[in-house]
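Have a look at the structure below before the remarks.
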Amino acid sequence: MENNRESSSSISWLDRPVFHDLPQITPYFILIAILIGLTLFSRFYILGERVMSHDEVNHVVPSYDLSIGKGYRHDPVTHGPFQFHLVALSYFLFGANDFTSRMPAALFSVATVLFVTFGFRRYLGKIGSLIGGYLFLISPYLLFYGRYTRNEAFVALYAVLTLFAVLRYLEKGKRNMLYLLTAVTALQFATKETAYIYTAQLLIFLAFMFMEHIGKARWENQRARQLFMTLLSAALILLVFVVILAGWNAIVNKDSGAVQQALGQTFTPIQLVELGGVIVALLLGIFAAVILLRNIGWNALKQDRSFDLLMLTGSLILPLLTAFPVKIIGSLLRQNWNPIDYSPESLVRTGIFLVLMSAISVALGLLWKPRLWLVNFAIFYGIFTVFYTTLFTNGFGFFTGIIGSLGYWLEQQGVHRGEQPFYYYALIQMPIYEFLALFGSLLAVYFGTKYNRFSSFAGDRLSVDRKNPISTNPVLTITESEIQTSSNVLAEASLGEEPSSPIFNQERPLPTLALFLFWSLTALVAYSIAGEKMPWLTVHIAVPFLISAAWGFGYLVETTPWQKLKENHAWLAVILVPVALTSLGGLLGTLLGPQPPFQGNTLDQLQSTSAFIFSALAFGLSVWGILRFLQDWQPSAILRLFVAGLSVYLAIMTARTAFTANYINYDNAKEFLVYAHAARGPKDILEQVEEISRRTTSGKNINVAYDNDALYPYWWYFRDYPNKRYFTDNVTRDLRESPIIIAGEKNWSRLDSITRGSFQSFEYQRLWWPMQDYYNLTWDRIWNALRDPAMRSAIYKIWRDRDYSEYASLTNNPNLTVETWQPSQKLKMYIRNDILAQIWNYGAAPTASAPQQTDPYINGTVELLPDQVIGQPGSQIQFGAPRKIAVAPDGTLYVADTGLHQILHISADGQLIHRWGSFANLAEGSAPGGTFYEPWGIAVAPDGSVFVADTWNHRIQKFTADGQFVTMWGFFGQGVAPEAFWGPRDLAFDSKGRLFVTDTGNKRIVIFDQNGNYLDEFGSPGIDPGQFDEQVGIAINSQDQLFVTDTWNQRVQVFQIDPQSGKTFFLRQWEIYGWFGQSLDNKPYIAVDNRGNVFVTDPEGYRVIQFTEEGQFVRTWGDYSPGVDGFGLAAGIAVDPGGHVWVSDAVNRVLLRFTLP
């Protein structure tokens, strides 16, 4: 139902002066002023407060370097160069900080809101464009990424400019719109690779539009017309089929690339079908084009504006598609032609393809409208070249832009960055954040379908049914004989074009709503099937949905009879609408919630029943009142009033969602519109560092060290700290010279070791990820959740309030509070004690504490280099992660390699004798003898047999000296039987050939004979003598004294073995200043020699410590090094018959032999 008089009235009140003396002050003026004020405030309020995220750091650091004269080189990993230049300009003008980093994005976001409001008035109507401005204002995604140093804010503006330029050109045919479209498209490609998707969407829509124009013409040869339509339809249908198939294949077979490479396949069968479909569609399209040119003619085609847009856009971007034929033809030839391979040979090959694509581009442009195309070509590649070459200072940037951008993007699709499910946008992101846009778009679909409004003439009102003022006949005869005169002779002559008469009816209705909805649907589909799915890409889906929603809400407002509210007190119905909606919500809440009404007499049950009764009464009475006050209204008008009320409610909820995400939860993990999200911790640390540096160095001259995990964001925040030290993951003792050390969790144990006693440490939250229980959704999971009242309530509270408490309780997940959130990562800040004493606040000294223990071995440190290295790169022997070393009676070495799940037998001079073993996990199926799951321990029996602790298969295996399997025993268990092991780590034999096994997880040592028969065991959890906490290494000397590394008790325990009975008796123990961390790699081993020496490894201390058998410290050597002059992780240790000490380095993957002085 439509009423033009009512529509006119509903708009005219916007232009009615509020004050007689100030006629320019109208409701529309006030609403615009409020919109501008709120937009500016929302984009710039606490803009610099949030911590720089990982991706932002990747953008701001190169921008800062550019701003201080270090230049910029385009890298497709961080997308196009436009943002870097704009952020660098912001730094140049206003200084470098978090606020100015985000200023360009905020300004572009403001421009997007205002352009929708003012630029789309003819295509959304006056009311629709105003609503559109407010939709873009409160959109959670547009607001969040309008305050974020990413490319999305820029691309959002380009998107609305593109839509405007296309509609304006289709309406008016003015060449300045072609120039605008060209410039915006160039900026798109200079900003982000999503430009390829945007351009594909535009070209596909224009192709359908052009097909419609041609199809509606009256051909002289109807058989040719029918054949043309058949061929073109078949080509388009085939292309759509290929796209759907490719999307399905990408979702279902996302790991097929690795399988192809392993099998040596160029294409999978499905990919062959896809490629064949594209080739057939291309051939069909060529045949259709030949028929079209023969029957219609080239000059006639150039009169259609959709054809202009097709030719211009398609020809300009052809060179940018060069990576496609390089990949495809390389695959057909079974060659790995990588467009981002910049070797000389590859550059020549890719350059040939680029020249060919450029030649086709130029030929198409010159065939179309030469002078006009050349002007646009200059605009496009002028912008492209200036940015990609950084004002002509990086010539190679042109090549990385025109080839590398698409080439890298194609490679990333196989990576599946984010690993999100295909429904990530449709079922997660859009319903959680952009539900208002979805609802408005559904309204647009309804109105467009019911009133046939997918195409309409431009104007201030969407609901007015306009007719073509020039021609009402949509059917045109298009033949060469009709080309006689031109209405644009002067304009075309000025550009050197051949004058021709207008053939197409250029005053036809614009496909405005059709374009908006097509863009929305294709964006949702395209990003859903793309390999990379990340939250910020939702912006590119939200923009067209918001435009479509603006059209839907605009049409709703225009066609609701608001003026009738003045009659018969109908305005009271407006008051009752929110009452009805609220009570309906309460009614549904009690019916669908965890406590339905009328279920019992407990307090909770009675409260639910009373809430239901009152909600039902309120809903019934309010609906009755609405119908009573609106008794003269048509049912459709009443329904529209309800829909308008629901829309206002959804708008309020959307604004609340946007506010919460941007100003409350901006630095925690409760929101889903971010991925790896920076917590507040790094900025808290920065404030401490700045304070300490100011108070101890009178500036920023403090020596602050940080590791790989802290690189983001301190690569940015320490940009002007001259004494900063980035130590990657190379933890060395000289780090103690830095007053402040900042490190991620994987380096904590090593840093705890070297800083113990001289530093204090403080933990901070660094990074967290949103809850991802939406993975692996099935229809059963969805149905079970929907029919469970408690789960429905829990999910609703997450949607409405980001309250995870009910969901955490239902799923028994304790990690959904801000304090306990997982997955997350933390940082530690280590501050040296002398610095803490200097900066203690308020003039009060800290309370005296017990003296801090210092490293007792530091004065006994010697420099000792290996005289033999086995396993260096390029040598015959290569390790994965060597651990325990066992020396055979003949002096040869056996090494347990946990990285490659193998055992190596090596001669004393480093030659490989035997190698055996492969991976098998007993928990997942069969693991026959000779297969391993990280063998840590190994020992050689007196008869030369080799015994291996197959650690994570929880068993012991016996082999002959040359690696032939003999027997095995053991299974996973918590000590319920002698053979019930939990991660056995080491083995040793006494003088009687008895086998001692450290059953690490069960805190015991178990004794067997060489056939696996149980003899005895000792040990239990605890700290008393004879008790263990993570016992690992074991060694037995010639006096049958057994030495054990009791790791987490930080001691060596010594036991005496009775040669006859095999019973063990505690002798002594000594403490170890080391073994501080409890990581999976910090597992020390021990060795004894025949001279009364005991050697232990300190894995994360990067050293070996030597004692006497009585526990007296002798010396220590080693420090961190990625080379052979230190250790990456000192693991196993052994002493050969010549007294040489062998140490395995599990990180540097070598064996090192030391000769003691």
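Taking our numbering, I'd label the letters of the sequence shown as residues 1134 to 2290.
Beta carbons: idealized from backbone N, C-alpha and C, even for Gly.
Among the candidates the options, whose CA atom is the shortest distance from the CA of residue i?
| i | options | result |
| --- | --- | --- |
| W1695 | T1787, F2228, S1145, W1506 | S1145 |
| F2105 | W1470, M1490, W2085 | W2085 |
| V2280 | Q2097, N1863, Q1893 | N1863 |
| W1684 | L1705, F2176, P1668, S1574 | S1574 |
| S1741 | A1751, S1755, F1752, L1725 | L1725 |
| L1371 | F1343, V1411, F1486 | V1411 |
| Y1541 | L1453, P1503, L1320, F1555 | L1453 |
| K1307 | D1441, F1227, I1264 | D1441 |
| T2031 | I1797, G2043, I2071 | I2071 |
| T1523 | G1581, K1460, Y1205 | Y1205 |
| F1203 | G1261, S1448, N1527, V1776 | The residue asked about is misnamed: residue 1203 is Lys in this sequence, not Phe. Per the Cα distances, N1527. |
| I1419 | M1362, M1236, S1538 | M1362 |
| V1288 | I1991, T1987, Q1216 | Q1216 |
How would you call residue i, buried or exposed, if buried means at least 16 neighbouring beta carbons within 10 angstroms?
| i | result |
| --- | --- |
| G1687 | buried |
| W1704 | exposed |
| G1877 | buried |
| I1785 | exposed |
| T1911 | exposed |
| N1734 | exposed |
| V1781 | exposed |
| T1671 | buried |
| K1305 | exposed |
| E1552 | exposed |
| V2274 | buried |
| N2135 | buried |
| T1723 | buried |
| S1661 | buried |
| W1916 | exposed |
| L1320 | buried |
| Y1331 | buried |
| V1249 | buried |
Could you spell out the range, first to last residue, of the alpha helix (DSSP H) harbouring residue i?
| i | result |
| --- | --- |
| D1737 | 1736-1762 |
| M1563 | 1563-1566 |
| G1252 | 1231-1252 |
| W2250 | Element bounds for W2250: not the alpha helix (DSSP H) but the beta strand (DSSP E), 2246-2250. |
| F1177 | 1160-1177 |
| Y2066 | Where Y2066 is concerned, there is no enclosing alpha helix (DSSP H), given that its DSSP letter is neither H nor E. |
| A1492 | 1477-1501 |
List the whole-angstrom C-beta distance separating residue i from residue j, where the pair is believed to meet the contact cut-off of C-beta under 8 angstroms.
| i | j | result |
| --- | --- | --- |
| P2015 | V2002 | In fact, because the Cβ distance is near 12 angstroms, the residues do not count as touching under 8 angstroms. |
| I2036 | L2045 | With a Cβ gap of about 12 angstroms, I2036 and L2045 do not count as contacting. |
| W2301 | M1563 | Here the chain comprises residues numbered 1134 to 2290, so residue 2301 is not present and cannot be evaluated. |
| P2192 | K2091 | In fact, because the Cβ distance is near 23 angstroms, the residues do not count as touching under 8 angstroms. |
In the DSSP assignment, find the unbroken beta strand (DSSP E) run with residue i in it and report its ends.
| i | result |
| --- | --- |
| H2038 | 2035-2039 |
| F2287 | 2283-2287 |
| Q1893 | 1892-1901 |
| S2277 | 2274-2278 |
| A1770 | That residue, A1770, is in no beta strand (DSSP E); its alpha helix (DSSP H) goes 1768-1796. |
| H2047 | 2045-2049 |
May I ask you to verify whether the region 1357-1374 touches the region 1411-1426, counting CB pairs closer than 8 angstroms and requiring at least 3? At 8 angstroms Cβ cutoff, the stretches touch.
Count the C-beta pairs between the region 2234-2254 and the region 1952-1970 that are closer than 8 angstroms, then say yes if the count reaches three, no if not. no
For the structure I just gave you, are there three or more beta carbon pairs, one from the region 2258-2274 and one from the region 2231-2239, closer than 8 angstroms? yes
If we count Cβ pairs, one from each stretch, closer than 8 angstroms, do we get three or more for the region 1850-1857 versus the region 1935-1942? Because the criterion of three Cβ pairs below 8 angstroms is not met, the region 1850-1857 and the region 1935-1942 do not touch.
Would you call the region 1486-1497 and the region 1432-1439 in contact, with 3 or more CB pairs under 8 angstroms? no
Can at least three beta-carbon pairs, one atom from the region 2179-2195 and one from the region 2152-2171, be found at a separation below 8 angstroms? Proximity of the region 2179-2195 to the region 2152-2171 meets the contact definition, three or more beta-carbon pairs being nearer than 8 angstroms.
Indicate whether the contact test is met: 3 or more Cβ pairs, each with one atom in the region 1186-1193 and one in the region 1274-1286, closer than 8 angstroms. Under the Cβ criterion (8 angstroms, minimum of three pairs), the region 1186-1193 counts as touching the region 1274-1286.
Are three or more beta carbon pairs between the region 1867-1875 and the region 1834-1846 nearer than 8 angstroms? Under the three-pair Cβ rule at 8 angstroms, the region 1867-1875 counts as touching the region 1834-1846.
Are at least three pairs of beta-carbons, each pair with one atom in the region 1297-1307 and one in the region 1189-1200, less than 8 angstroms apart? no
Are the region 1806-1818 and the region 1942-1950 touching, with three or more C-beta to C-beta distances below 8 angstroms? no
Do the region 2282-2290 and the region 2003-2022 touch if we need at least three Cβ pairs shorter than 8 angstroms? Contact check between the region 2282-2290 and the region 2003-2022: three or more CB pairs, one atom from each, fall below 8 angstroms, which counts as touching.
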